[in-house]
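Notes follow once the structure below has been shown.
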Amino acid sequence: MIDFHTHVGRDRSIDTIRRHIGAQGGGISVLLPLEPGPSSSAGNSASMSTQVAIEAHEAHPDETVAFCNVDPMSPDAIERLNAFRDTGVVKGFGEHKVHLPVDHPRNLEIYRLCGEFGWPVLIHMDYTGAFGTNFPALESVVRSLPDTTFIGHAMAWWTNISADPVTDPRSPDFSDYPMGPAKPIGTTDRLLTEYPNLYGDLSARSGYLALLRDADFTRDFLKRHRKRLIWGTDCPCHDGRGNYPNGTFRACLGEVMLSLLQDSCESQAHFNDITYNNGARLLDLETT
351 MIDFHTHVGR
361 DRSIDTIRRH
371 IGAQGGGISV
381 LLPLEPGPSS
391 SAGNSASMST
401 QVAIEAHEAH
411 PDETVAFCNV
421 DPMSPDAIER
431 LNAFRDTGVV
441 KGFGEHKVHL
451 PVDHPRNLEI
461 YRLCGEFGWP
471 VLIHMDYTGA
481 FGTNFPALES
491 VVRSLPDTTF
501 IGHAMAWWTN
511 ISADPVTDPR
521 SPDFSDYPMG
531 PAKPIGTTDR
541 LLTEYPNLYG
551 DLSARSGYLA
561 LLRDADFTRD
571 FLKRHRKRLI
581 WGTDCPCHDG
591 RGNYPNGTFR
601 ACLGEVMLSL
611 LQDSCESQAH
621 FNDITYNNGA
631 RLLDLETT
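Per the numbering used here, the very first residue in the sequence shown carries number 351; after that it's consecutive.
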């Protein structure tokens, strides 16, 4: 399997990452850094830097893939992006989680360059956290950059699995994690159908709860987009069994998503596409 969404640094060491996927049966973990900067969700913390991800990959090259990250508003963003490309190690860009609209000109510059490098770009989009705002503009971004592969992630992306979602955080009906039957055809659903350079990251509560909304819808959604959805965890537990660093216990997001996929995919081949093959193609790895 390929866990396409993990973070190394802060309280998650590479050994934690390896234990986590080992509990799910083993495989490859994609390491997503969050570089500091003026618009970055990481603020001034460099504890989840690209260098940390690269060093973790170099220690465990058969079990990890390193992505890179820069804050688009940093003056040396393009210079650093080129330097990461020159390492020959980095395979993609993300997690892109910044206080900027998804179509900000500095973002577009990053996306375009990643397309030239052949790197997928994994973007966090939400409403209340103000990261990756202006979700309606995502379509024009994806359409205008057909040579760049985008991977949608987080609350705004998965809220729009259903048509007519409540997107104003000031509304009493707003939720980052809406429940109840999904109404066809949501923007996320449509974009996955219409744009071959767009994929969906199933990680985190946003992905899991979106699929939990409506069992019949989910089975059909997974079937229609079986070549465009990617399993990931973005799970903070340390062992793949739900044990969290503060001593509490909750379900492991990777474990519960795998169980949901096993119940909802139409075949083992379908399950394998989502948990391995789709990610492998984006990373230029051998598929099964």
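For every residue, glycine included, the Cβ atom is placed at its ideal position computed from N, Cα and C.
Using a Cβ-Cβ cut-off of 6 Å (strictly less than) and excluding sequence neighbours within five positions of residue i, which residues of its own chain qualify?
| i | result |
| --- | --- |
| Asp476 | Ala504, Met505 and Ala506 |
| Arg600 | Gly592 |
| Trp469 | Gly442 and Phe443 |
| Tyr545 | Val492 |
Relative to the alpha-carbon of residue i, which residue among the options has its alpha-carbon at the smallest distance?
| i | options | result |
| --- | --- | --- |
| Pro411 | Gly597, Pro425 and Val440 | Val440 |
| Ile404 | Ser390, Leu472, Gly438 and Gly557 | Gly438 |
| Gly442 | Arg493, Asn484, Leu463 and Cys585 | Leu463 |
| Gly482 | Ser494, Ile501 and Gly468 | Ile501 |
| Asp426 | Pro388, Met398, Lys577 and Pro528 | Pro388 |
| Gly292 | Asn547, Ser556, Ile624 and Pro522 | Shown here, the chain extends from 351 to 638; a query on residue 292 therefore has no answer. |
| Ala373 | Leu608, Arg631 and Trp469 | Leu608 |
| Thr538 | Ser363, Asp453, Ala487 and Thr637 | Ala487 |
| Gly553 | Ser390, Ile473 and Leu458 | Reading off the sequence shown, one finds Ser at residue 553, where the question assumed Gly. The residue with the shortest Cα to Cα distance from Ser553 is Ile473. |
| Asp365 | Ser391, Ala409 and Gln401 | Ala409 |
| Ala392 | Glu429, Glu445 and Gly375 | Glu445 |
| Arg362 | Pro528, Leu458 and Pro586 | Pro586 |
| Phe467 | Asp436, Leu562 and Asp623 | Asp436 |
| Gly530 | Cys418, Phe417 and Leu562 | Leu562 |
| His575 | Gly375, Gly550 and Gln618 | Gly550 |
Near residue i, which residues of its chain fall below 7 Å by C-beta distance, leaving aside the five closest residues on each side in sequence?
| i | result |
| --- | --- |
| Glu413 | Arg368, Ile378 and Ser379 |
| Ala560 | Trp508 and Ile511 |
| Ala480 | His449 |
| Asp453 | Asn484, Ala487, Ser490 and Val491 |
| Phe524 | Val516 and Asp518 |
| Ser395 | Pro386 |
| Phe434 | Thr400, Cys418 and Val440 |
| Trp638 | Reading the sequence as shown, one finds Thr at residue 638 and not Trp. Answer for Thr638: Asn622, Tyr626 and Asn627, listed in chain order. |
| Ile535 | Ala513 |
Taking Cβ positions, are residue i and residue j nearer each other than 7 Å?
| i | j | result |
| --- | --- | --- |
| Leu431 | Val420 | yes |
| Arg578 | Leu632 | no |
| Thr356 | Leu381 | yes |
| Asp584 | Ala532 | no |
| Ile352 | Tyr626 | yes |
| Thr498 | Tyr461 | yes |
| Gly590 | His370 | yes |
| Ile580 | Asn628 | yes |
| Gly604 | Phe354 | no |
Within the same chain, show all residues whose beta-carbon is closer than 8 Å to that of residue i, passing over the 5 residues directly before and after it, in chain order.
| i | result |
| --- | --- |
| Arg456 | Pro422, Met423, Ala427 and Leu450 |
| Asp526 | Asp476, Tyr477, Thr478, Met505, Thr509 and Ser556 |
| Ser397 | Gly359 and Arg360 |
Relative to the ligand ATP, is the shortest distance from any of its heavy atoms to the C-beta of residue i smaller than 6 Å?
| i | result |
| --- | --- |
| Ala565 | No copy of the ligand ATP appears in this structure; indeed no ligand is present at all. |
Please list the terminal residues of the continuous alpha helix (DSSP H) segment that includes residue i.
| i | result |
| --- | --- |
| Glu545 | The amino acid occupying residue 545 in the given sequence is Tyr; Glu does not appear at that position. No alpha helix (DSSP H) contains Tyr545, which DSSP labels as neither H nor E. |
| Ser556 | Ala554 to Leu562 |
Residue i lies in the beta strand (DSSP E); which residues open and close that run?
| i | result |
| --- | --- |
| Ser512 | Unbroken run through Ser512: none, as it is neither H nor E. |
| Asp566 | Not the beta strand (DSSP E): Asp566 falls in the alpha helix (DSSP H), residues Ala565 to Arg574. |
| Glu466 | Note, Glu466: premise wrong, no beta strand (DSSP E); alpha helix (DSSP H) at Pro455 to Phe467. |
| Phe417 | Note, Phe417: premise wrong, no beta strand (DSSP E); not H, not E. |
| Val471 | Val471 to His474 |
| Glu380 | The sequence given here places Val at residue 380; Glu does not occur at that position. Element bounds for Val380: Ile378 to Leu381. |
Using a Cβ cut-off of 7 Å (strictly closer), state whether residue i contacts chain B.
| i | result |
| --- | --- |
| Asp570 | Protein chains in the displayed structure number just one, and chain B is not present. |
Original post:
Is the region 609-622 touching the region 568-587 in the sense that three or more CB pairs, one from each, lie closer than 8 Å?
Top reply: yes
Original post:
Does the region 512-520 come within contact of the region 490-498, defined as at least 3 CB pairs closer than 8 Å?
Top reply: Contact between the region 512-520 and the region 490-498 is absent: fewer than 3 CB-CB pairs across the two stretches fall below 8 Å.
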